[in-house]
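A.B. asks: In the working numbering, each residue carries its 1-based index in the sequence shown increased by 725.
For every residue, glycine included, the Cβ atom is placed at its ideal position computed from N, Cα and C.
What follows is a structure written as structure tokens; I'll ask about it next.
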Amino acid sequence: MSEITDPEFLPVMESFYTIQGEGFYSGTPAYFVRLGGCDVGCVWCDVKESWDASQFEWFSVKQIVSEAKESGAKVVVVTGGEPLMYDLSKLTEEFSRSNLQVNIETSGAYPLTGRWDWICFSPKKFKEPLGEFYAHSHELKVIAYNKSDFKWAALHGDKMNPNAELFLQPEWSKEKEMTPLIVDFVKRNPKWKISLQTHKYMDIP
Ligand code: SF4
């Protein structure tokens, strides 16, 4: 459950300037703001330390945006955790006063708040996404952890708006097993593309 909090303040687990490793913006230098808190509960989650928001310090949206601007990045990625557990309208208002592009990565389990240049929607089996994300997202990214995930991906892909980019990405620990299956799937379903977690190959955050 999300709690009602002051949208001028958000719990930040970490923020850092790196290269976006996956999805449509793969290879793009980007400043990441990772908000703490997630109750989606993916068994394979690689940031389980983000789940408990009470461990993290709350920062003002002014400070978050000011530090993003100072990084020199042109693109900011707001991620988590599940960032939409919080009302992000004040955060994106503050970003709109900067010249930064602001993207979000979300499971779609909570209502969409804020105005985003790019929405990467990555639904999870562990908590049903809300219907609004199919119409409003620019990108669908489905993580393939086992064979049943292809059918599940296709169900979500069919609901997406026609302009959305569709990506299948192997879960990191299953990368060897799932990548050949993803290659086959994408060849048979060419509206889909492959996303790899290239930051993990590069050993960067
Ligand atoms: Fe982890 Fe993301 Fe799943 Fe939350 S939604 S459990 S942060 S992978």
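What is the residue span of the alpha helix (DSSP H) that Val-911 lies within?
C.D. replies: On the sequence shown, position 186 is the one that residue 911 refers to. From DSSP, the alpha helix (DSSP H) with Val-911 extends over 900-913.
A.B. asks: Find the nearest neighbour of Ile-907 within the set Gly-762, Lys-872, Glu-830, judged by alpha-carbon distance.
C.D. replies: As a working note, residue 907 is residue 182 in the sequence shown. Comparing Cα-Cα distances from Ile-907 to each of Gly-762, Lys-872, Glu-830, the minimum goes to Lys-872.
A.B. asks: What residue ranges within the segment 857-901 form continuous beta strand (DSSP E) runs of no fewer than 3 residues, ordered along the chain?
C.D. replies: Correct list: 864-869, 890-895.
A.B. asks: Quick one: what does DSSP say Val-758 is sitting in, helix, strand or coil?
C.D. replies: Taking the first residue of the sequence shown as position 1, residue 758 is located at position 33. If DSSP states are grouped into helix, strand and coil, Val-758 belongs with the strands.
A.B. asks: Assess contact between the segment 831-843 and the segment 785-799, defined as three or more Cβ pairs (one per stretch) separated by less than 8 Å. Is contact present?
C.D. replies: The segment 831-843, when compared against the segment 785-799, does not touch it at the 8 Å Cβ threshold.
A.B. asks: For the putative contact between Trp-841 and Thr-817, defined by C-beta atoms under 8 Å, what is the C-beta separation to the nearest angstrom?
C.D. replies: Mapped onto the sequence shown, residue 841 falls at position 116. Mapped onto the sequence shown, residue 817 falls at position 92. Rounded, the Cβ-Cβ distance is 6 Å, consistent with contact.
A.B. asks: Below 8 Å between beta carbons: does that hold for Ala-879 and His-863?
C.D. replies: In the sequence shown, residue 879 corresponds to position 154, counting from 1. In the sequence shown, residue 863 corresponds to position 138, counting from 1. Against a cut-off of 8 Å, the Cβ pair of His-863 and Ala-879 comes out as no contact.
A.B. asks: Using three-state DSSP, classify Pro-808 as helix, strand or coil.
C.D. replies: If you number the sequence shown from 1, residue 808 lands on position 83. Note: Pro-808 maps to helix in three-state DSSP.
A.B. asks: Which first and last residues belong to the alpha helix (DSSP H) in which Phe-820 is found?
C.D. replies: On the sequence shown, position 95 is the one that residue 820 refers to. 814-821 is the extent of the alpha helix (DSSP H) around Phe-820.
A.B. asks: By Cβ distance, which residues of its chain are closer than 7 Å to Glu-781, with the 5 residues on each side in sequence left out?
C.D. replies: As a working note, residue 781 is residue 56 in the sequence shown. One point to set straight first is that residue 781 is Phe, not Glu, in the sequence displayed. Result list for Phe-781: Pro-736, Val-737, Met-738, Gly-761, in chain order.
A.B. asks: Could you please give the first and the last residue of the uninterrupted beta strand (DSSP E) stretch that includes Val-737?
C.D. replies: The residue labelled residue 737 in the question sits at position 12 within the sequence shown. Taken as a continuous stretch (DSSP letters only), the beta strand (DSSP E) holding Val-737 covers 734-744.
A.B. asks: So, for Arg-822: in the same chain, excluding its five sequence neighbours on each side, which residues have a beta-carbon less than 6 Å away from its beta-carbon?
C.D. replies: Residue 822 sits at position 97 when you count from the first residue of the sequence shown. Counting only Cβ-Cβ distances below 6 Å, and skipping sequence neighbours, we find nothing.
A.B. asks: Is Ser-832 helix, strand or coil when you go by DSSP?
C.D. replies: Numbered from 1 along the sequence shown, position 107 holds the residue referred to as residue 832. Reduced to three states, the DSSP call for Ser-832 is coil.
A.B. asks: Output the boundary residues of the alpha helix (DSSP H) element that contains Lys-794.
C.D. replies: Residue numbering aside, residue 794 sits at position 69 when the sequence shown is read from its first letter. Counting along the chain, the alpha helix (DSSP H) containing Lys-794 begins and ends at 786-795.
A.B. asks: Go ahead and pull the three-state DSSP assignment for Gln-826.
C.D. replies: Your numbering for residue 826 matches position 101 in the sequence shown. Here Gln-826 sits in strand by DSSP.
A.B. asks: Looking at Val-765 and the ligand SF4, is the gap between the Cβ and the nearest heavy atom below 7 Å?
C.D. replies: Position 40 of the sequence shown, counted from the start, is the residue given in the question as residue 765. Yes - the ligand SF4 has a heavy atom lying nearer than 7 Å to the Cβ of Val-765.
A.B. asks: Apart from the five residues just before and just after Ala-778, which ones in its own chain have a Cβ nearer than 7 Å to its Cβ?
C.D. replies: Working through the sequence shown from its first residue, we reach residue 778 at position 53. So the list reads Pro-736, Gly-761, Gly-762, once near-sequence residues are dropped.
A.B. asks: Rounded to whole angstroms, what's the CA-CA distance from Met-726 to Asp-764? Just pull it up for me.
C.D. replies: By 1-based counting over the sequence shown, the position of residue 726 is 1. By 1-based counting over the sequence shown, the position of residue 764 is 39. Its pLDDT being 49, under 50, Met-726 is placed unreliably by the model, and nothing is read from it.
A.B. asks: Going by the DSSP bridge assignment, what does Trp-843 pair with across the sheet?
C.D. replies: Mapped onto the sequence shown, residue 843 falls at position 118. Trp-843 pairs with Asn-828.
A.B. asks: Quick one: what's got a C-beta closer than 6 Å to Pro-930's C-beta in the same chain, skipping five residues either side?
C.D. replies: Looking up residue 930 in the sequence shown gives position 205. Result list for Pro-930: Phe-741, Thr-743, in chain order.
A.B. asks: For Lys-852, which residues does DSSP report across the bridge?
C.D. replies: Indexing the sequence shown from 1 puts residue 852 at position 127. Partner(s): Lys-849.
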